[in-house]
Every structure is written in C-alpha cells, then in structure tokens.
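**Q** To start, I am sharing the structure in question, which I have written as structure tokens.
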Amino acid sequence: MTQISDIELVQGCVDQNRFYQKKLYERFARKMLAVALSYSRDSYEAENIIQESFIKIFDHIKRYQPTGSLDGWVRRIVVNTATDYYRKKKRIKFSEVNIDDEAYHIGTLDFDSFAVKDILEAVQELPEGSRMVFTLYAIEGYTHKEIGETLEISVGTSKSQFSRARMLLQEKLKKNEQRESKRFL
Amino acid sequence: MSNENLNDFYNQNRFNQKLRERIDGYEPELSDSLWDRIEHDLVRKESKGKRAVWMVYLLAGLLLVSGAGIYYLANENHKLAEKVKDKSTTVETLKGGEIPSRVYEMPETTVKVERNPSQATQSAVETRHTVPAATNPTPSEAIYQNPTFAEEAPIELNPFRTAEGLVYPADLPVQSTEAPVRLVGSPVPGSPDAIAISGKDLAPIALTPKTRFVNPIQENIINKGAIDPRITPYIGISSDLGSTRQLVSGPLAWQFGQEHPLIYKSNGLNVGVLFRNGLSLESGLRITITGSELWYDFMVRDNRDTLPIGAIADSIVSGARHDVNRQNWTDVPILVGYRYRLNSHWSLNAQTGVTYSMINGFSGVEPTQSFSKMDKAGSSVPQPFKNYWSLNLGVGLGYQLGHHWMVDLQGNYRRGLTKMNASNLPNHPNRLMEVVNARIGIKYLIR
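Here you go:
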C-alpha cells in the first residue's frame, strides 16, 4: 500500500475527513507519546496531553505551512500543549536549589546501557519543575532564555533546575543500574 | 574556560544528544481507547459548530416570520383604514316631518336605537350603549354585544352593500353629533343591485330577536370592563416528552465528555394572553423530571476506574438501562409568541423566551451489578445542581376547537444560559442543560 504524502494527509485533515485524521494520528501518535511522556508524571497524563494536542492539531491544521516539516509542526504543538497543560494548572513548583552550575561536574553516563523506557521513567520521577526544564533543554534543545520565557521563570532558575535534574537523573539511573546488576549476581 | 569546564560542556552536549537520539527513536504503545477519545471530542466539536449554524437559521427564520407577520398586519390595517375612509356612505340630516324607518342618534360614543312606532310590531326598544370607536367589532365578529339587549333580544348588525361591496355597520365611523341622521348607501353604477341600495331599503341595522346563551364570563368579566376585549386570556395544560443532555465544559470536562441523553418529561399549567394581532405572552409552572431510563452506553472508558473521582455526584456507568441520576425540576417559563392564523381552525405558532428552572430533588439509585462504577450519588452527596436560566425556542401548529378551545402541538428547543452545577463540587465540570421535546397542550380561551 502506498504511503499517503504529507500534503495529502494535511489536505484530508483540513477537509475534516475522519480517515485522514486517523491516518495522521497513526503516523505521529506513538512518536509524540514518547515526547509527552518526558513531560508528564505518568502515561495517563501523557495520553491526556496527546489527546489535547491532536484536537489542537486538527483545529489548526489549516495554518500549517508545507515549507516546514509536518513532524516538527506536530511536535511543537505537543510540546506547547505539555507546557500549557502544567502551566494552566499552576502545578509547576520550582523548589529551591543550591547547586552551583559551574561547580557541578558532569560525569560520564552511558545511555546505551539503559532502555529508553527506564530513562523516561527516571525523567518522570524528577520533580515537576526540574523535569520541565530538563526536557525542554536536553530533549527539545531550548536555550535557558527560551525556557525562562516559556515557563515564566528566570534564566538562573532554569539553569539551576536543569543542573538539579541532571544530577538526580544520573543518580536514579545509576541506582537502577546497580539494582539491576545485583539481581543478576 | 578551563579544561574541566570544557569537558563539562562537551559531556553536557553529548549527554543531551544521546538522550535525544534515544527518545526520538522510541515509540511506546498507545492505549486502544485514545483515538476513540479524540474522535469523541472531534464529533462534539463538529456537532457544536453545526448546532450553531442551525441556531442562526432558526433565529433568522423566526425573525423572517415575525417580520412578515408585522408587515402583513400593518398592511391589513392600512387597507381597512382606506376602505372606511373611501366608503361612499352619506349622512343626511332628516327634514322635518319625515319619519325614518330607523333613527340613529350617534353622539361620539353613544348609539341610540329606536323603532318607528307606526311600523313596529314589537314594543319600542331604546337603549344607550357606550361603544368606543377603537373597540368596534371586526367584520368577522359582527355580532353586536349589547348588554342591555342581551336579556331581552340581542340584536345583530347585518351588512349592507355599497360600491365597494359589503359594509358592516360596526365599521362605520361613529362621529356624528348631529341627530337624527339617516345612512344612505351609494348606488353601484351598472350593477343589477343598484336599485336595492337606496333610501329606506337601506337598513343597516335589523333588530333580530334571538334567544342565546349568555356566557357568564362574558357577562360578568368582559362586559364589565375587567378585561380589554382586544385580548384573549387563556389557561391551559400541556405535556412534554423529549430528550435532555448536559453539555459539559471546563477543565475537567475530559473526565466526563459529552453526557448521553436522558429522557425528559414535563407537565405543566400555563396561563397567557393572546392579542388580536397574533402576539401572545405566556407563563406558567412546569414540573419536569429527567431520568435515565433511556440511558445507555454511557461513557464506557477503560480508564475510568483510575480517575480521582472523589465526591462528584454523578453516575458513571457502563451498561444499559439504569434508573439513576433522576432530577426533578420546577420550571417557570416566560414566553412571547406569535400566532399566525392559516384559516378559521389552523394556526402556526412560534414562541421564544426564557425559563427559570429550580431544582427540587436529585437521586441516584443504588447501582446494580452491571454497573462497573458509580459514584454514590444521593443522600450522602451534596446537592450537585443549582437553579439555572435557559433560552426557549418553539414552533408548532394550533387547532381551534369551537369558540373556546385550542389544541397545540409544538416542538421545543431549550438550552441553558447559566450553569446548572452547584459550586460545592469544585471537581464537577460546568454543565449546561439542553432539551429537545415535543409538546401537546390544550388551552381554554376566555372570551
């Protein structure tokens, strides 16, 4: 079966054709769920973000410009929805962090030795504020200035939250690694 | 930058890049119900859009019908005024010695009727009756209501022919202060009836002795001036059957989605007035019950069990045919309407207005075994609903049965203007009532 082109898919969605809407969903939903998982506490919240995102996507698909990639456009909506989701609920709490970013040295961590599922679970266990900053910086490639504007926090807070998140993440993954290795001893 | 910091920078970028690569290539499994939920939201959004379009069409239709009705009435009134103005009826002062067959003394608001004693076989009858010009009966209702005559011999005003056709005496302007006068119709040129329209043959009023039933309401209320004869009060009863649902919105609406329709039953008493021009005002009292006898396939979702429902006083069920979430309301409608008469029996009716609904009670029956989940709605839960306002729109057909009775069949749409959920349940999503129903009713016209 021939793959439906992006233009055809977008046009079908603009026409509110349910077939094309489902095809768009099938093409991007799983990939976007991975993105949403890194912003949320659990898969249940992530699915809510995906649900809200796809409604927005179908609402605004007329505005999509074919000059950019459809994948990137869909991803941006998911990220925006995820940040909005928490910001609207005013649930993000940025706890006080006393970490000197310059003083903290990044150790080497071999991601290849972990399953993505485990990495995401470790990310989800991060405190909400740290998790948001960490995901936006490390995965989406936002600058601290952009994160500050998005989450309405200062650049300094963004940096310290990121450092804290990175430290916590490494600790969690190492702990998990040790636990796993003990299991096989 | 020191070597240590350079290393950090390098490590950080490597860290981010590795993480991004791993997550980008990851495609976790989706729950089967996710698309269903998205599709459900899409359907709701689309139907909202369609409903808005229909509302616009309906309002435009109502405006068009109202406009046409007002134009028609204004036009008819104008025609009638022209007809009266052009009527070629002359008023002549009687010469001395001439005895008319009937004499009319017509001061501004007084009609004096006398019989010529030489011709009368009955005893002479004389009365004075106040008839404001504006309240003259219309041609179609030419029965002259004279309270003084009513007991002995009610009289009828018979029409007579002029150049323009039949003229009803009641239509003639009552303005002369010169008495006595004689009304003379103009002959119709070339008409075989011309000869019939002259002199004493033209007797606009024939006293027709007639025994008739005296309506006590007419006699004791209308004739005594308690009710303006230009309006017709009515009382009636009506019964509604239809469907209602609660439109859910708000931050937690996703937990509830679109509530499925409930059965809607309502019985009420209505009172109102019908104006001569077809406009009406109506109010009343209705007892409304919404229940879930027709509740089926309500919000079957895999993840409902995991929701932090708390004390939300709503029934969350999967299954069919359960008698839960029964609400009892008292509704007070305030409606304006327009009734367009198609003929002597049938009429088209349109109504709009607002209804104030007051919650009387709410109950949730204990769940049966087929419920997968249900909140303990009932005595242990605070009242989840509050009074609300809604907008009414209705169109229907009326059938006149005799002089006093009218049967109405009407389709109604009602939509909440204010939220119906109580504030003591912060988790409860915002709800607006929406009702579609068919109404059958009967009215008694007091006239």
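Heads up: the protein sequence lines correspond to chains A and B, in order. Numbered by the numbering used here, the letters in the first sequence go through residues 1 to 185 in order. Numbered by the numbering used here, the letters in the second sequence go through residues 1001 to 1447 in order. Idealized CB from N, CA, C, for every residue including glycine. Predicted, not measured: the structure shown is a model, and the values here were computed from it.
1. Residues of chain B with CB closer than 8 Å to the CB of K23 of chain A, please, in chain order.
2. Listed from N- to C-terminal order along the chain, which residues in the region 15-49 of chain A have their beta-carbon within a distance smaller than 9 Å of any beta-carbon of chain B?
3. State the Cα-Cα distance for the pair N176 of chain A and Q170 of chain A, rounded to the nearest angstrom.
4. If I'm right that L1274 of chain B touches G1284 of chain B with Cβ under 8 Å, what's the distance once you round it to whole angstroms?
5. Here's the rule I'm using: 16 or more other beta-carbon atoms within 10 Å means buried, otherwise exposed. How should A1350 of chain B be labelled?
6. Between the region 120-131 of chain A and the region 14-26 of chain A, can you find at least three pairs of beta-carbon atoms closer than 8 Å?
7. According to DSSP, is S1140 of chain B helix, strand or coil?
8. Can you find a C-beta in chain A that's less than 8 Å from the C-beta of D1041 of chain B?
9. Out of B:Q1012, B:G1067, B:N1267, which has the shortest C-alpha to C-alpha gap to G1242 of chain B?
10. What is the rounded straight-line gap between the Cα of E146 of chain A and the Cα of I57 of chain A?
11. Counting contacts by CB-CB distance shorter than 8 Å, is I147 of chain A in contact with chain B?
12. Got a sec: which bits of the region 1016-1028 of chain B sit with their beta carbon under 7 Å from any beta carbon on chain A, in order along the chain?
13. Just to check my reading of the structure: I1023 of chain B and S38 of chain A have Cβ atoms closer than 8 Å, yes? What is that Cβ distance to the nearest angstrom?
14. Report the three-state DSSP secondary structure of A1438 of chain B (helix, strand or coil).
15. For Q3 of chain A, does the three-state DSSP call read helix, strand or coil?
16. Classify H1345 of chain B as buried or exposed, calling it buried when 16 or more other Cβ atoms lie within 10 Å of its own Cβ.
17. What residues from the region 132-163 of chain A come within 7 Å of chain B, judged by C-beta to C-beta, listed N to C?
18. Where does the unbroken alpha helix (DSSP H) through D84 of chain A begin, and where does it stop?
19. When you compare each of A:D71, A:R164, A:I7, A:E149 to P127 of chain A by their alpha carbons, which one comes out closest?
20. For Q21 of chain A, tell me which candidate among A:V35, A:I4, A:A34 has the shortest Cα-Cα distance.
21. Quick test of your reading: N1421 of chain B and D1240 of chain B, contact by CB under 8 Å. State the CB separation rounded to the nearest angstrom.
22. Using a C-beta to C-beta distance shorter than 8 Å, which residues of chain B count as neighbours of I61 of chain A?
23. Using a Cβ-Cβ cut-off of 8 Å, state whether W1035 of chain B counts as contacting chain A.
24. Going along chain A in order, which residues have a C-beta closer than 7 Å to the C-beta of L1030 of chain B?
25. Tell me, please, whether the CB atom of Q51 of chain A is closer than 8 Å to any CB atom in chain B?
26. With a cut-off of 8 Å, do at least 3 Cβ pairs link the region 68-88 of chain A to the region 147-167 of chain A?
27. Buried or exposed: which applies to M132 of chain A, given that a residue is buried once 16 or more other Cβ atoms fall within 10 Å of its Cβ?
28. Can you grab the Cα-Cα spacing for the pair Y1057 of chain B / Y1071 of chain B, in whole Å?
29. Please check if any C-beta of chain A sits within less than 8 Å of the C-beta of I1446 of chain B.
30. Opposite Y1340 of chain B in the DSSP bridges: which residues?
31. Could you tell me which chain B residues have their CB closer than 9 Å to the CB of V116 of chain A, listed as they occur along the chain?
32. Should E1434 of chain B be flagged as near chain A, meaning a C-beta pair shorter than 8 Å?
33. Residues in its own chain within less than 6 Å of G1398 of chain B by CB, not counting five upstream and five downstream?
34. With a CB to CB cut of under 6 Å and the five nearest residues on each side skipped, what residues in its chain are close to G1416 of chain B?
35. Short of 7 Å in beta carbon distance, which residues of its chain neighbour G1411 of chain B, apart from the five on each side in sequence? Order them along the chain.
36. Comparing the CB of A1074 of chain B with every heavy atom of the ligand COA, is any distance shorter than 7 Å?
**A** Reading it off the structure:
1. None at all; the shortest Cβ gap to chain B is about 11 Å.
2. Q16, R18, Q21, K22, Y25, E26, A29, R30, K31, L33, A34, V35, L37, S38, S43, Y44, A46, E47, N48
3. In this structure, the CA atom of N176 of chain A is about 10 Å from the CA atom of Q170 of chain A.
4. Not a contact, Cβ separation roughly 14 Å.
5. buried
6. no
7. Unreliable positioning characterises S1140 of chain B in this predicted model, as indicated by a pLDDT of 37, which lies under 50. The coordinate reading is nonetheless provided below. S1140 of chain B falls in the helix class under three-state DSSP.
8. So yes, D1041 of chain B belongs to the interface.
9. B:N1267
10. 23 Å
11. no
12. N1016, K1018, L1019, R1020, R1022, I1023, Y1026, E1027, P1028
13. I1023 of chain B to S38 of chain A, Cβ: 6 Å. Contact.
14. strand
15. coil
16. Around the beta carbon of H1345 of chain B, fewer than 16 other beta carbons lie within 10 angstroms, which makes this residue exposed.
17. For the region 132-163 of chain A, the beta-carbon criterion of a distance under 7 Å to any beta-carbon of chain B is satisfied by A138, I139.
18. 70-88
19. A:R164
20. A:I4
21. Incorrect: roughly 23 Å between the Cβ atoms, too far for contact.
22. Within chain B, no residue comes near I61 of chain A; the closest Cβ sits about 12 Å away, beyond 8 Å.
23. yes
24. A29, R30, L33
25. yes
26. yes
27. It counts as buried.
28. Rounded to the nearest angstrom, the two C-alpha atoms are 21 Å apart.
29. no
30. B:L1348
31. The contacting residues are R1022, I1023, G1025, Y1026, P1028.
32. no
33. S1347, N1349, M1406, D1408
34. Y1388, S1390, L1432, M1433
35. G1394, V1395, G1396, A1438
36. Of the ligands one can find in the structure shown there are none, so the ligand COA has no counterpart to examine.
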